[in-house]
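Here's the structure, in structure tokens; my notes come after.
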Amino acid sequence: MPSLPNHRLGALRYGLPALLVAIGFVLLFAVDGPIRWDGWAMCVGSGLSILLLNGLFRYGAKGDRERDAEVAARDYLAQHGHWPDEES
Numbered sequence: 000m001p002s003l004p005n006h007r008l009g010a011l012r013y014g015l016p017a018l019l020v021a022i023g024f025v026l027l028f029a030v031d032g033p034i035r036w037d038g039w040a041m042c043v044g045s046g047l048s049i050l051l052l053n054g055l056f057r058y059g060a061k062g063d064r065e066r067d068a069e070v071a072a073r074d075y076l077a078q079h080g081h082w083p084d085e086e087s
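Counting along the sequence shown from 1, when you hit position 51 you're at 50 in numbering that gives the first Met the number 0, and nothing is skipped either side.
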């Protein structure tokens with residue numbers, strides 16, 4: 000799957016949850032009857048869940064980047080005999 004450009008990814012990552020929360024509040028104030036609270040809870044809960052999952056995924060991916068940087072530093076050590084941040 001090709002990766003999305005940054006602006007489209009940001010719109011999906013933050014725009015979709017914001018849209019769902021906004022729709023939830025529109026339902027809360029525009030709809031009468033018991034469906035208003037159900038619709039509000041469904042939309043706001045979905046938006047906040049998507050936002051939380053995005054945050055957890057990004058937190059988990061940060062560890063992969065740190066691990067890749069350490070592997071690159073170890074490869075540098077094997078080639079040059081010193082760590083990349085040490086002066087030779």
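We put the beta carbon where it would ideally sit given N, CA and C, even for glycine.
Exercise. Would you call residue 39 buried or exposed, if buried means 16 or more other Cβ atoms sit within 10 Å of its Cβ?
Worked result: Mapped onto the sequence shown, residue 39 falls at position 40. Under this definition residue 39 is a buried residue.
Exercise. DSSP on residue 36, reduced to helix/strand/coil?
Worked result: Against the sequence shown, residue 36 aligns to sequence position 37. Taken through DSSP and simplified to helix, strand or coil, residue 36 comes out as helix.
Exercise. Buried or exposed: residue 4, going by 16 or more other Cβ atoms within 10 Å of its Cβ?
Worked result: Walking along the sequence shown from the start, residue 4 turns up at place 5. Note on residue 4: under 16 other CB atoms within 10 angstroms of its CB, so exposed under the neighbour-count rule.
Exercise. When the distance is taken between beta carbons, is residue 46 closer than 8 Å to residue 70?
Worked result: Residue numbering aside, residue 70 sits at position 71 when the sequence shown is read from its first letter. Residue numbering aside, residue 46 sits at position 47 when the sequence shown is read from its first letter. Taking 8 Å as the Cβ cut-off, residue 70 and residue 46 do not qualify as a contacting pair.
Problem set entry | Cβ shell of residue 30 (< 8 Å), same chain only, five flanking positions each side left out | Locating residue 30 in the sequence shown gives position 31, where the first residue counts as 1. The answer, listed in chain order, is 38.
For this session: Assign residue 20 to one of three DSSP states: helix, strand, or coil.
Result: Along the sequence shown, read from residue 1 onward, the residue named residue 20 stands at position 21. Look at residue 20 here: in three-state DSSP terms it is helix.
Problem set entry | Environment of residue 14 [buried if 16+ CB atoms lie within 10 Å] | The residue you call residue 14 lines up with position 15 of the sequence shown. Answer is exposed; the Cβ neighbour count stays below 16.
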